[in-house]
Every structure is written in structure tokens, then in C-alpha cells.
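Chain order of the listed sequences is C and S. Residue numbers for the first sequence follow my numbering, so the first one is 12 and each next one is one higher. Residue numbers for the second sequence follow my numbering, so the first one is 3 and each next one is one higher. Glycine is no exception: its CB is placed at the ideal position from the N, C-alpha and C atoms. Here the structure is laid out as C-alpha cells; the discussion comes afterwards.
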Amino acid sequence: MATVKILGSGCKKCDQLEANTKAVLAQLGIDATVEHERDFGKIAAYGVMSTPALVVNEKVLAYGKVLKPADIVKLLQKAGV
Amino acid sequence: MQIAWDFFQNQILGMRWLNALIGNLLAAVGLDISSRLGGSVQFFIYDVIKIVALLCVLIFGISCIQSYFPPERSKKILGRFRGIGANCVAALLGTVTPFCSCSSIPLFIGFTSAGLPLGVTFSFLISSPMVDLGSLVLLMSIFGGKVAVVYVLTGLVIAVIGGTLIEKLHMENYVEEFIRAASAVDIEADDLTRRDRLKYAWEQMAATFKKVFPYILIGVGIGAIIHNWIPESWIVTALGGNNPFSVILATVVGVPMYADIFGTLPVAEALYAKGAQLGAILAFMMGVTTLSLPSMIMLRKAVKTRLLELFIGICTMGIIAVGYLFNALQFIF
Numbered sequence: 012m013a014t015v016k017i018l019g020s021g022c023k024k025c026d027q028l029e030a031n032t033k034a035v036l037a038q039l040g041i042d043a044t045v046e047h048e049r050d051f052g053k054i055a056a057y058g059v060m061s062t063p064a065l066v067v068n069e070k071v072l073a074y075g076k077v078l079k080p081a082d083i084v085k086l087l088q089k090a091g092v
Numbered sequence: 003m004q005i006a007w008d009f010f011q012n013q014i015l016g017m018r019w020l021n022a023l024i025g026n027l028l029a030a031v032g033l034d035i036s037s038r039l040g041g042s043v044q045f046f047i048y049d050v051i052k053i054v055a056l057l058c059v060l061i062f063g064i065s066c067i068q069s070y071f072p073p074e075r076s077k078k079i080l081g082r083f084r085g086i087g088a089n090c091v092a093a094l095l096g097t098v099t100p101f102c103s104c105s106s107i108p109l110f111i112g113f114t115s116a117g118l119p120l121g122v123t124f125s126f127l128i129s130s131p132m133v134d135l136g137s138l139v140l141l142m143s144i145f146g147g148k149v150a151v152v153y154v155l156t157g158l159v160i161a162v163i164g165g166t167l168i169e170k171l172h173m174e175n176y177v178e179e180f181i182r183a184a185s186a187v188d189i190e191a192d193d194l195t196r197r198d199r200l201k202y203a204w205e206q207m208a209a210t211f212k213k214v215f216p217y218i219l220i221g222v223g224i225g226a227i228i229h230n231w232i233p234e235s236w237i238v239t240a241l242g243g244n245n246p247f248s249v250i251l252a253t254v255v256g257v258p259m260y261a262d263i264f265g266t267l268p269v270a271e272a273l274y275a276k277g278a279q280l281g282a283i284l285a286f287m288m289g290v291t292t293l294s295l296p297s298m299i300m301l302r303k304a305v306k307t308r309l310l311e312l313f314i315g316i317c318t319m320g321i322i323a324v325g326y327l328f329n330a331l332q333f334i335f
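Below, the structure is given as C-alpha cells:
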């Protein structure tokens with residue numbers, strides 16, 4: 012099972028990325044836990060300085076932008092999820 | 003050469019032809035553009051179209067440049083510099099790194115844990131909202147190239163001096179504990195193709211347009227009112243050359259306000275046309291774009307009150323200094 016984390020400061024963009032990610036996971040039928048990490052200390056520990064960011068299995072796949080569903084699909088495939 | 007530049011400035015950046023065209027169209031439908039109402043309508047339509055066009059071209063171009071400087075990369079670049087050189091580079095990177103105040107805390111942690119001195123981080127934080135590529139081009143379109151270049155240079159100088167001052171005062175203890183304790187790693191910057199960059203720029207443009215458009219309408223609306231309904235004598239009294247406190251007044255009004263530079267522009271333009279001094283207008287614009295309540299509330303989470311006060315103090319003094327500088331130099335522009 013995959014662990015998906017959205018790193019975000021609680022801004023609108025971050026919620027949008029979370030919604031897009033959840034939609035893609037449901038659409039692809041991927042079994043995953045989705046967490047929204049709002050703790051700045053933990054966000055920084057991933058090396059991310061521009062939120063929102065998408066982390067899958069503890070690996071940062073993208074940061075600093077709201078990914079479109081199609082982009083999320085590509086990133087997940089590349090990460091082998 | 004001079005003729006070519008004037009043409010570029012007035013017709014391409016300033017779009018004077020558009021103003022004339024709208025005037026003719028309004029006259030053709032029977033609206034008297036020399037009347038107050040007609041003049042307001044002309045100003046409103048002209049300014050909305052002009053600013054939206056500038057916004058789209060500018061944000062697109064700037065985003066292409068910014069895609070080369072994500073904060074994660076700027077951090078690595080900064081790590082190579084020492085002393086005041088680092089402050090200068092930080093101020094310069096602040097102008098091209100895409101950054102919104104909602105990311106100020108992760109950015110702060112990233113810089114701090116990479117071992118960058120506090121003063122360098124602040125040089126970045128001051129220059130980032132105060133000077134950006136957009137303001138350079140926008141100021142050029144209204145006030146001309148000289149004003150725009152001097153504005154940007156003074157903004158950079160304030161950022162370097164401000165950061166250095168914070169460094170010398172050893173304010174490290176006024177940074178919140180969790181920021182100093184956090185550890186961060188470097189991550190690989192995405193390898194973007196040219197197509198990715200253009201796509202990013204296009205998305206940025208669309209998002210900015212959506213976000214800023216209401217501000218533009220409000221700003222142009224206020225501008226149109228100033229332009230045609232407020233007596234010139236009021237503005238000259240408050241913001242003209244005979245009021246030695248015009249700059250301070252403009253700064254105090256501008257600081258708590260929050261608006262995008264695109265929304266501020268039409269107000270500045272109208273005030274200028276009505277005889278307000280250049281320095282007062284620029285101080286107002288800088289105050290509105292650099293300091294705002296939402297960004298201060300964000301920054302307060304990262305630093306303690308004393309350092310925040312120092313930051314606000316430095317920015318405010320810097321803005322006032324710029325205002326007086328431009329008032330004093332107005333004769334050369």
C-alpha cells in the first residue's frame with residue numbers, strides 16, 4: 012500500500028492538490044493512505060520550500076505547484092505506484 | 003534612438019493609441035469624453051484593457067524566467083556566497099524567485115538550516131515583495147525608464163542594507179525555536195523541458211489573472227474617481243510639493259493595505275496625473291506591495307515580535323527614504 016502525503020500550509024492551493032490527488036487515486040483504484048502534512052518543521056525536513064508538494068512513499072515527486080490530475084497520473088506511474 | 007525609445011514607451015508600453023481609439027469610439031456612440039462621466043468611462047476602459055494586457059504578457063515572461071529559480075535552487079546558489087556578497091545575491095534572487103507569503107515559513111527553515119546567515123535570508127525577504135521584474139516594466143510604462151531603474155536599484159540597496167543591519171544586530175535568538183531546530187535536506191530540482199516551462203508560465207498567468215482581476219477593477223475604479231471627480235487642489239495639498247509630510251502620509255496609508263501591484267498602478271497613475279509628487283506615489287506603491295497585514299501575520303509565526311518589528315521598521319524607513327529621494331530628484335526625471 013502506498014503512503015501519499017500532501018505538504019501544505021493549509022492554503023487554498025494545497026487543498027486543491029489534495030483533492031486532485033485523491034480523485035486520481037480513486038480513479039486508478041490505488042490503495043493508499045493520504046495525509047495532509049501541515050507541520051512546517053516536517054515539511055522542511057523533506058527539503059521542500061515551496062508548497063504545496065506531493066510526497067509518495069516518502070519521496071518528493073513535485074513541489075511548488077498545484078498538479079493537474081493528468082500530471083499526477085504520470086508522476087505516480089513514474090514512481091511505480 | 004530617442005524617438006524609437008519614446009515610441010516604445012508611449013505607444014507600446016503605455017498604449018496611448020488605445021486611449022485615443024477608445025476616445026473616438028465613445029465619441030462615436032455620443033458620449034462626450036471631455037465631460038466628467040465620459041472621461042471616467044474612457045479612463046476605466048482604457049486602463050482595464052491596458053493593465054490586463056500588460057499583466058498577461060508580463061506574468062508569462064516573468065514566469066518563464068522564474069521557472070529557472072525555484073527557491074530550492076536559489077538556496078543552493080546562495081550557499082556559495084559569503085558576507086555582503088551573499089546579501090547582494092539574495093536581494094537579486096529575491097526579484098526572480100517565485101515566492102508567496104504563504105511559503106515564507108518553509109522558505110525560512112530551508113535557508114536557515116542550509117546555514118545561510120539570518121541577514122541573507124532577510125535581504126531576500128525584503129527584496130522579494132519590494133522589487134520584482136513586473137514592477138520594473140510597469141513603472142517604465144507609466145513613469146518612464148529612468149524612474150523604473152532607480153526604483154529597482156534603491157529597492158535592492160534597501161534589501162542589502164536591511165539584511166546587513168539585521169545581521170550586525172545579531173537577532174538570531176529572535177527566530178522561533180522550531181525554525182532553528184528543523185533540519186532540511188537538498189532535493190533535486192526538476193529537470194524541466196522548454197515545454198514544461200511554457201506550460202508553467204501559462205498556468206501562472208491564468209492563475210494570476212483570476213486572482214488579480216477584481217483588484218484591477220477596484221484599482222481602476224478608484225483611479226477613475228481620482229482622475230475625474232476629486233479636485234486637483236486636494237491632491238496637491240495632500241501629496242504635492244508643498245506638503246513636506248506627503249511621503250510619510252503616503253507610506254502610513256500604504257503599509258497596512260494589501261493589493262497587488264497591478265491594482266495599485268491605476269491609483270498611482272491617476273494621482274500622478276493630478277499633481278502628486280513622484281516620491282509620495284512610489285512610497286505608496288512600495289508600502290502597499292511590500293508590507294501587508296497578512297504577510298506580517300505569516301512572518302510572525304517564524305520570528306519573534308522584536309525581529310518582526312525591526313523588519314517592519316527597516317522596510318518603512320527604507321520606503322520613506324525612497325520617497326524623499328525621488329521627491330528631491332524629481333527634476334531630473
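Distance, residue j Cα to residue i Cα
| i | j | result |
| --- | --- | --- |
| S/C317 | S/W19 | 38 Å |
| S/R341 | S/A270 | A query on residue 341 of chain S cannot be resolved here, the shown segment of chain S reaching from 3 to 335 and no further. |
| S/T123 | S/S37 | 52 Å |
| S/V222 | C/L87 | 45 Å |
| S/C66 | S/L200 | 6 Å |
| S/W204 | S/V54 | 15 Å |
| C/E29 | C/K85 | 16 Å |
| S/L39 | S/F45 | 10 Å |
| C/M60 | S/S125 | 17 Å |
| S/K306 | S/L94 | 26 Å |
| S/D49 | S/I228 | 13 Å |
| S/K303 | S/P108 | 11 Å |
| C/Q27 | C/V77 | 7 Å |
Contact check, residue i vs residue j, beta carbons under 8 Å
| i | j | result |
| --- | --- | --- |
| S/G281 | S/V249 | yes |
| S/P293 | S/I314 | Reading off the sequence, residue 293 of chain S comes out as Leu, not Pro. In contact: S/L293 and S/I314 (Cβ atoms closer than 8 Å). |
| S/S130 | S/T99 | yes |
| S/P72 | C/G75 | yes |
| S/M132 | S/L312 | no |
| S/T253 | S/M287 | no |
| S/G325 | S/G164 | no |
| S/T291 | S/L57 | no |
| S/I181 | S/T114 | yes |
Span of the beta strand (DSSP E), counted from its first residue to its last, around residue i
| i | result |
| --- | --- |
| S/T99 | Per DSSP, S/T99 belongs to no beta strand (DSSP E) and is neither H nor E. |
| C/V45 | A43 to E48 |
| C/A73 | K70 to Y74 |
9 Å Cβ cut-off: residues of chain S touching residue i
| i | result |
| --- | --- |
| C/T14 | Within 9 Å Cβ-Cβ: nothing; C/T14 doesn't reach chain S, min ~18 Å. |
| C/A30 | Going along chain S, no residue has its Cβ under 9 Å from C/A30, so there is no contact; the nearest lies around 16 Å. |
Bridge partners - residue i, DSSP secondary structure assignment
| i | result |
| --- | --- |
| S/A275 | Beta-bridge pairing links S/A275 to no other residue. |
| C/K16 | C/E46 and C/V66 |
| S/V1 | The question about residue 1 of chain S has no answer here: the residues shown for chain S are numbered 3 through 335. |
Neighbour list for residue i in chain C, Cβ cutoff strictly below 8 Å
| i | result |
| --- | --- |
| S/F180 | F51 and G52 |
| S/K77 | M60 |
Proximal chain S residues relative to residue i, where beta-carbon distance stays under 8 Å
| i | result |
| --- | --- |
| C/A90 | Result: empty, since nearest Cβ-Cβ is about 14 Å, beyond 8 Å. |
| C/G58 | E74, G112, A186, V187, D188 and I189 |
| C/A5 | Nothing can be reported for residue 5 of chain C: it is not among the residues displayed for chain C, which extend from 12 to 92. |
Partner residues on chain C for residue i, Cβ-Cβ distance less than 9 Å
| i | result |
| --- | --- |
| S/G16 | Near S/G16 there are no residues of chain C at all, since even the closest Cβ is about 33 Å away, more than 9 Å. |
Delimiting residues of the alpha helix (DSSP H) encompassing residue i
| i | result |
| --- | --- |
| S/K77 | P73 to L80 |
| S/L57 | R38 to Q68 |
| C/L87 | P80 to K89 |
| S/Y260 | First-last for S/Y260: undefined, no H or E at that position. |
| S/M17 | That residue, S/M17, is in no alpha helix (DSSP H); it is neither H nor E in DSSP. |
Per-residue contacts from residue i into chain S (C-beta, under 7 Å)
| i | result |
| --- | --- |
| C/V71 | I189 |
| C/A55 | P108, I111, G112, S115, A184 and A186 |
Beta-carbon neighbours of residue i, restricted to chain C and to distances below 7 Å
| i | result |
| --- | --- |
| S/S143 | What S/S143 touches in chain C: nothing, since even the nearest Cβ is about 29 Å away. |
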